[in-house]
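In order, the protein sequences belong to chains A and B.
For the first sequence, the working numbering assigns the number 541 to the initial residue and increments by one for each residue that follows.
For the second sequence, the working numbering assigns the number 9 to the initial residue and increments by one for each residue that follows.
All residues carry an ideal CB built from backbone N, CA and C; glycine is no exception.
Everything numeric in this text was worked out from a predicted model, so none of it was measured.
Everything on this sheet refers to the single structure shown next.
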Amino acid sequence: MKDFIQVLTRDLKVSLRRWSELCNPLIFFLMVASLFPLAISPEAPDLKRVGTGVLWISALLASLLALDGLFRDDAEDGSMEQLVLSPIPLTIVIAAKILAHWLITGLPLVVIAPVVALSYYMPLDTLTTLILALILATPTLSVLGAIGAALTVGLRRGGPIVGLLVLPLTGPVLIFGTRATDLAVQGESAAGPLYLLGALLALAIALGPLATSAAVRVSLE
Amino acid sequence: MTPALGSGLKGSSLEVSRGNRCLFTNLSFRLECGEMALVTGANGCGKTSLLRVLAGLAVPDSGHVMLGKTGIHGFLPEQRRDLVFKGHLNGLKKELTARENLEFFCRLWQGRRQVDAVLAELQLSRAADCLVRHLSTGQRRRASLGTLRLQPAALWILDEPLAGLDKSGIDLICGWVREYLQEGGIAVIATHRAQAFSGSYQLNIEL
């Protein structure tokens with residue numbers, strides 16, 4: 541546990557000192573979300589109808605954008621070698637790195653999403669459900685993305701391939717996330733899809749770091 | 009030093025290839041405690057590949073590496089404390105200072121808490137609180153090699169440790185290696201500057 545926190549604080553410190561890169565996914569999220577009114581229609585009923593989908597797809601794309609740097613920097617400067625050879629299990633190192641990544645890229649999305657939701661005329665009382673769904677969904681996206689990022693870390697330009705690898709896997713998260721938000725907008729209970737998002741997250745946390753550390757080892761060889 | 013290391017480092021009939029090209033085959037050697045092997049050879053002959061195999065980062069096509077009584081690829085995380093590997097890459101984060109980098113390794117390896125002393129020895133005291141991105145190549149190399157003094161390991165695997173170092177840096181690192189061997193450590197060093205280590209090594213693996 542102590543080692544987990546060591547790696548986590550180091551990664552957070554490194555990311556915070558590179559804050560310009562840090563904002564990229566967030567700005568991307570806001571920009572994609574604000575393109576839809578231009579392309580579809582700025583009328584309230586139209587925006588209300590597409591709002592949920594726009595929000596979730598923008599969040600999904602934004603979280604993909606941030607993935608490439610997750611392991612690449614460490615692989616290129618040699619820290620990954622050292623971490624693989626360190627006396628703490630690689631799975632713990634990887635879990636800490638994924639958590640740091642989520643705190644830096646996922647959490648800001650959760651914070652900013654309600655603002656975007658309001659601009660799509662979503663009712664105020666649906667925001668709690670939306671935030672809850674995003675808190676459950678974005679870490680799952682980070683874990684799934686980490687597997688993709690680890691597999692492509694040995695390639696020179698991994699970015700586009702990560703997207704191709706990870707996007708199909710994010711289907712369930714997108715389906716349950718939008719369903720939960722839609723149910724809340726219609727004034728019904730969103731418990732069902734939220735539980736399923738929770739289950740997905742539990743599965744991702746349990747298996748993701750194992751799969752990712754195996755992928756990192758293979759990529760480094 | 010851990011008792012498991014009584015029998016030193018042993019590589020038996022190692023075969024390593026890169027892509028489709030076989031780099032070397034049937035390479036066997038044995039190092040006792042306090043002995044050092046120098047790995048020399050032309051560019052592309054497989055020095056780095058051999059060192060990565062010895063460190064357990066890569067798997068050989070055939071043969072195996074034993075450190076003490078354990079195969080290096082079967083090492084538990086805890087046992088990796090016995091090993092320091094320094095590759096071509098420095099393994100320093102550019103966004104952290106030299107001191108923060110060394111302190112991180114020190115905590116992770118539960119090494120000796122002498123970061124300040126080591127930085128002084130490396131003549132990095134003044135640059136210790138600069139971000140690594142602002143340091144010169146040689147200073148980065150020095151900071152990276154600082155971990156050698158912080159981790160009480162039984163085996164050092166160094167790939168071109170002297171690259172980028174000036175005269176005093178080379179003398180310092182060669183001194184560290186001699187001291188380490190006297191304490192009973194085992195070292196495997198790949199270098200193009202064999203003369204810097206003359207007299208220290210018992211075995212020359214020429215690829």
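Residue from the options whose Cα sits closest to the Cα of residue i
| i | options | result |
| --- | --- | --- |
| Asn51 (chain B) | B:Gly207, B:Thr199 and B:Ala125 | B:Thr199 |
| Pro585 (chain A) | A:Tyr660, A:Ala754 and A:Pro749 | A:Tyr660 |
| Lys64 (chain B) | B:Ile165, B:Asp174 and B:Val185 | Checking the sequence shown, residue 64 (chain B) turns out to be Gly, not Lys. When only C-alpha atoms are compared, the closest one is B:Ile165. |
| Gln622 (chain A) | B:Phe112, B:Leu180 and B:Ile181 | B:Phe112 |
| Val725 (chain A) | A:Leu667, A:Ala686 and A:Thr680 | A:Leu667 |
| Ala599 (chain A) | A:Glu728, A:Pro648 and A:Pro629 | A:Pro648 |
| Pro85 (chain B) | B:Leu58, B:Lys77 and B:Trp117 | B:Trp117 |
| Ser152 (chain B) | B:Ala161, B:Tyr209, B:Pro169 and B:Arg121 | B:Pro169 |
| Gly16 (chain B) | B:Gly207, B:Gly42 and B:Leu127 | B:Gly42 |
| Phe37 (chain B) | B:Asn28, B:Gly49, B:Leu62 and B:Cys53 | B:Leu62 |
| Val650 (chain A) | A:Lys637, A:Pro679, A:Met541 and A:Val554 | A:Pro679 |
| Arg201 (chain B) | B:Asp167, B:Leu158 and B:Trp184 | B:Asp167 |
| Phe93 (chain B) | B:Met44, B:Arg115, B:Ala66 and B:Leu163 | B:Leu163 |
| Arg115 (chain B) | B:Arg89, B:Gly95, B:Glu129 and B:Ala128 | B:Arg89 |
| Leu707 (chain A) | A:Leu610, A:Arg696, A:Leu684 and A:Arg697 | A:Leu684 |
| Ala636 (chain A) | A:Arg757, A:Leu750, A:Glu761 and A:Val758 | A:Leu750 |
| Gly591 (chain A) | A:Ala657, A:Leu578, A:Phe568 and A:Met620 | A:Ala657 |
| Arg757 (chain A) | A:Gly703, A:Arg557 and A:Leu630 | A:Leu630 |
| Gly207 (chain B) | B:Ala128, B:Arg186 and B:Thr56 | B:Arg186 |
Same chain, Cβ closer than 8 Å to residue i, five either side skipped, listed in chain order
| i | result |
| --- | --- |
| Thr105 (chain B) | Ala136, Asp137, Cys138, Leu139 and Val140 |
| Ser792 (chain A) | As displayed, chain A neither begins before 541 nor continues past 761, which places residue 792 (chain A) out of reach and without an answer. |
| Pro68 (chain B) | Leu22, Glu23, Val24 and Val61 |
| Gln147 (chain B) | Ala106, Leu132 and Ala135 |
| Ser729 (chain A) | Leu723 |
| Arg26 (chain B) | Gly54 and Ser57 |
Beta-ladder partner(s) of residue i, from DSSP
| i | result |
| --- | --- |
| Phe568 (chain A) | Paired residues: none, contrary to the question. |
| Ile197 (chain B) | B:Leu46 and B:Leu166 |
| Met74 (chain B) | B:Lys18 and B:Gly79 |
| Val24 (chain B) | B:Phe32 |
| Glu214 (chain B) | B:Thr48 |
| Val92 (chain B) | B:Trp164 |
| Phe37 (chain B) | B:Gly19 |
| Leu139 (chain B) | B:Thr105 |
C-beta neighbour in chain B for residue i, strict 8 Å
| i | result |
| --- | --- |
| Lys637 (chain A) | no |
| Gly748 (chain A) | no |
| Leu691 (chain A) | no |
| Ser619 (chain A) | yes |
| Ile628 (chain A) | yes |
| Asp608 (chain A) | no |
| Gln622 (chain A) | yes |
| Arg550 (chain A) | yes |
| Glu764 (chain A) | Nothing can be reported for residue 764 (chain A), as the shown portion of chain A is limited to 541 through 761. |
| Asp543 (chain A) | yes |
| Val554 (chain A) | yes |
| Arg612 (chain A) | no |
| Leu625 (chain A) | yes |
| Arg558 (chain A) | yes |
CB contact check: residue i to chain A, cutoff 8 Å
| i | result |
| --- | --- |
| Val126 (chain B) | no |
| Gly95 (chain B) | yes |
| Val67 (chain B) | yes |
| Arg168 (chain B) | Per the sequence presented here, residue 168 (chain B) reads as Glu, with Arg not at that position. Not closer than 8 Å to any Cβ of chain A, the Cβ of Glu168 (chain B) fails to qualify, so no. |
| Leu100 (chain B) | yes |
| Asp63 (chain B) | Contrary to the premise, residue 63 (chain B) reads as Ala rather than Asp in this sequence. Output row for Ala63 (chain B): interface = yes. |
| Phe112 (chain B) | yes |
| Arg149 (chain B) | no |
| Arg89 (chain B) | yes |
| Pro85 (chain B) | yes |
Whole-number beta carbon distance between residue j and residue i, since they are thought to touch under 8 Å
| i | j | result |
| --- | --- | --- |
| Gly71 (chain B) | Leu22 (chain B) | 4 Å |
| Gly738 (chain A) | Ile687 (chain A) | The Cβ separation is near 20 Å, so there is no contact. |
| Asp617 (chain A) | Gly154 (chain B) | Their Cβ separation, rounded to whole angstroms, is 16 Å, which puts Asp617 (chain A) and Gly154 (chain B) out of contact at 8 Å. |
| Asn564 (chain A) | Leu605 (chain A) | 7 Å |
| Leu156 (chain B) | Trp184 (chain B) | 6 Å |
| Ala690 (chain A) | Phe611 (chain A) | 6 Å |
| Leu607 (chain A) | Val572 (chain A) | Actually they do not touch by this definition, with Cβ atoms about 16 Å apart. |
6 Å CB neighbourhood of residue i in its chain, flanking five on each side removed
| i | result |
| --- | --- |
| Gly717 (chain A) | Trp596, Ala673 and Ala677 |
| Glu103 (chain B) | none |
| Ile675 (chain A) | Val650 |
| Asp124 (chain B) | none |
| Val633 (chain A) | Val547 and Leu623 |
| Gln265 (chain B) | It is not possible to answer for residue 265 (chain B), since the shown part of chain B is limited to 9 through 215. |
| Ala45 (chain B) | Leu39, Val196, Leu211 and Ile213 |
| Phe568 (chain A) | Ala602 and Leu605 |
| Ser682 (chain A) | Ile638, His641, Trp642 and Gly646 |
beta-carbon residue i near the ligand PLP non-hydrogen atom, thresh 7 Å
| i | result |
| --- | --- |
| Asn212 (chain B) | Questions concerning the ligand PLP fall outside what the structure shown contains, since it holds no ligand whatsoever. |
Neighbourhood of residue i by C-beta, 7 Å cutoff - its chain only, sequence neighbours within 5 removed
| i | result |
| --- | --- |
| Ala12 (chain B) | Interpretation of Ala12 (chain B) is limited by its pLDDT of 47, a score under 50 that renders its predicted location unreliable; no figure is taken from the coordinates. |
| Arg719 (chain A) | Pro733 |
| Lys101 (chain B) | Asn109 and Val140 |
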